[in-house]
Amino acid sequence: MANLLERITVDPAVCHGKPVVRGLRYPVETLLELLSSGMSIEQILADYEDLQREDVLAVLAYAARLSRVKRTDILAA
């Protein structure tokens with residue numbers, strides 16, 4: 000997983016400092032939205048030819064790492 004996470008970069012000069020894939024202007028959040036909308040990895044790769052399969056897997060690994068929490072508290076609405 001560590002090798003995959005190296006593909007995710009953060010640079011204040013790129014996409015306002017949002018995490019992106021390999022310094023390209025593909026924010027992690029955009030690719031997660033595409034996946035959650037039902038697009039397959041193959042469909043994303045067909046639409047964005049400069050991305051690689053490992054890039055999409057890196058996005059998923061990054062999201063999994065961010066979701067690791069020790070505890071969640073329910074906030075009152």
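First residue of the sequence shown: 0, per numbering that gives the first Met the number 0; consecutive thereafter. Glycine is no exception: its CB is placed at the ideal position from the N, C-alpha and C atoms. Since the structure is predicted, the reported quantities are computational estimates derived from the model, not experimental observations.
8 Å contact criterion, which residue i and residue j should meet: CB distance rounded
| i | j | result |
| --- | --- | --- |
| VAL27 | VAL58 | 5 Å |
| ARG24 | VAL13 | 6 Å |
Delimiting residues of the alpha helix (DSSP H) encompassing residue i
| i | result |
| --- | --- |
| LEU23 | Per DSSP, LEU23 belongs to no alpha helix (DSSP H) and is neither H nor E. |
| TYR47 | Note, TYR47: premise wrong, no alpha helix (DSSP H); not H, not E. |
| GLU5 | Element bounds for GLU5: n/a, residue is neither H nor E. |
| VAL68 | Unbroken run through VAL68: none, as it is neither H nor E. |
Under 8 Å between C-beta atoms of residue i and residue j
| i | j | result |
| --- | --- | --- |
| LEU50 | VAL20 | yes |
| ASP47 | LEU4 | Asp is not the amino acid found at residue 47; the sequence shown has Tyr there. Not closer than 8 Å, so no. |
| VAL55 | LEU30 | yes |
Cα-Cα separation, residue i to residue j
| i | j | result |
| --- | --- | --- |
| HIS15 | ILE73 | 30 Å |
| PRO11 | LEU65 | 20 Å |
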